[in-house]
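For reference, the structure discussed in these notes is given below.
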Amino acid sequence: MEKVEVSTPGKLMLFGEHAVVYGRPCIVTAVDRRMKVKVEPMKNQGIEIAAPDVGVEKLSLGVQDLESTEIPKGARFIVAALRNFSRRYGVSSGIKVTTESEFSSEFGFGSSSAVTVGTIAALSWGVGENLSKEEMFRLAYQSVLDVQGVGSGFDIAAAVWGGTLSFIAGGREVVPLLAPRLPLVVGYTGIKADTTVLVKDVARKREVWPNLIDGVFDLMAVISKLAKEVLEKGEWDRAGDLMNSNQGLLEALGVSTIELSRLIFSARQAGAWGAKLSGAGGGDCMISLAEDEEKVERAIRDAGGVVIKVRTGTEGVRREEI
Ligand code: MEV
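Sequential numbering from 2 applies to the sequence shown in my numbering.
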């Protein structure tokens, strides 16, 4: 195996969160905060993981531990990726995996999916298999499902393909949008959301009120389809309207919070075309589209949020020079 370093982008959900888990399309964009993953051969047959950004300073495992269920939290996605890759393609040497992130795993920018895709891609290039993007997606999606049990895979698609994508769960549809760079202002609430808990909450609600919740998802699907058109034309005022409607439907699912709402309303009051939460809800980030980005940023800060500067639609997984 050759020593290889790759990087993968973080992501932001623009439209259609939650509905995407139930087969409706969503729109996701890759952002210019990246996760670096390096793999290198080791003399012994063991596995070593150094992922300080997710609390793993140094973890040493035997090959048999890839099947273990007792892996520390921060290393689970890397171990699942190693396991699925080596089951399918085999890896003959010991491996050291090192990660370095440009974004906090607290933001909801998709650090788990970015590190999973990064590990698969680095192994793929490291052992000379040169997997297609579809195969990288498939193995990474399997690995994420192994660890967290739920998820549409939209974050994995963003890490693999980059750009701004219209996406249907499991990668049944991955269509790049010809969207210009979005004038997006991002506000972080300071609260870490638990996606799995929120997805399960929505599932429980859907069991009680199937027609109501499916009706909400259908409307979100309409919004995502309209959003694709207006984003491609750069019609930000109309995209902002769709964001506001999408936020109303997320309220209907019960996943917004007072902290998110505070930032969302302050962005709108400062003249944003539209604003909504991004991701599972419960905390993490809100996004807004704004002509006067500085004014909206100030409003978000004044409302207690942390502004995170990002560029949208950036490149997917790539091999880095080392
Ligand atoms: C979480 O960021 C977005 C959800 O739609 C879950 C998923 O699609 O995996 C809530």
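Each residue gets a CB set at the ideal place from its N, CA and C atoms; glycine is no exception.
Within 10 Å of its beta-carbon, does Thr165 have 16 or more other beta-carbons around it, so buried, or fewer, so exposed? buried
What residues in its chain sit with their C-beta under 8 Å from that of Pro184, if we drop five residues either side in the sequence? Trp237, Leu290, Ala291, Glu292 and Glu294
Going by Cα to Cα distance, which pick from Gly255, Thr190 and Phe168 is closest to Lys229? Phe168
Is any heavy atom of the ligand MEV found at a distance shorter than 7 Å from the C-beta of Met244? no
Assign Gln270 to one of two classes, buried (16 or more other C-beta atoms within 10 Å of its C-beta) or exposed (fewer than that). exposed
Cβ-heavy atom distance, Leu251 to the ligand MEV, below 7 Å: no
Using a Cβ-based criterion (distance less than 7 Å to any ligand heavy atom), does Glu295 qualify as near the ligand FAD? Ligands in the displayed structure: the ligand MEV; the ligand FAD is not one of them.
Could you tell me whether the stretch 312–320 touches the stretch 3–17, where touching means 3 or more Cβ pairs closer than 8 Å? yes
Residue range of the unbroken alpha helix (DSSP H) whose run includes Pro211: Pro211 to Lys234
Does the ligand MEV have even one heavy atom less than 7 Å from the beta-carbon of Leu199? yes
From Ala180, Thr30 and Val57, residue whose alpha carbon lies closest to that of Trp162: Thr30
Below 8 Å on the Cβ atoms is my contact criterion, and I expect Leu232 with Ala180 to pass it. Report the Cβ-Cβ distance as a whole number of Å. 4 Å
Pull up the CB-CB distance for Lys97 and Met43, whole angstroms please, since I reckon it's below 8 Å. 5 Å
Assuming Ser267 and Ala304 make a contact with CB atoms under 8 Å, what is their CB distance in whole Å? 4 Å
Count the other CB atoms within 10 Å of the CB of Gly280; is the residue buried (16 or more) or exposed (fewer)? buried
Given Gly95 as reference, the closest of Gly47, Ser153 and Arg312 once Cα atoms are compared: Gly47
Consider the C-beta atom of Glu18 and the heavy atoms of the ligand MEV; say whether any pair is separated by less than 7 Å. yes
Beta-ladder partner(s) of Ala51, from DSSP: Thr99
Would you say Ala271 reaches chain B, if we count a Cβ-Cβ gap shorter than 8 Å as a contact? Judged by its chain identifiers, the structure shown contains no chain B, having just a single protein chain.
In terms of residue numbering, what span does the beta strand (DSSP E) encompassing Ala260 cover? Checking the sequence, you will find Glu at residue 260 rather than Ala. Glu260 -> not in any beta strand (DSSP E); alpha helix (DSSP H) instead, spanning Ile259 to Gln270.
Nearest-angstrom Cα distance between Ala82 and Gly24? 25 Å
If Asn85 sits next to Ser144, beta carbons under 8 Å apart, how far is it from one beta carbon to the other, in whole angstroms? 5 Å
Under three-state DSSP, which class holds Met2? coil
Cβ-heavy atom distance, Gly280 to the ligand MEV, below 7 Å: yes
With DSSP as the reference, label Gly152 as helix, strand or coil. coil
Output needed for Lys201: all residues of its chain with C-beta closer than 8 Å, excluding positions within five of it in sequence on either side, in chain order. Val151
Where does Arg207 sit, in a helix, a strand or coil, going by DSSP? helix
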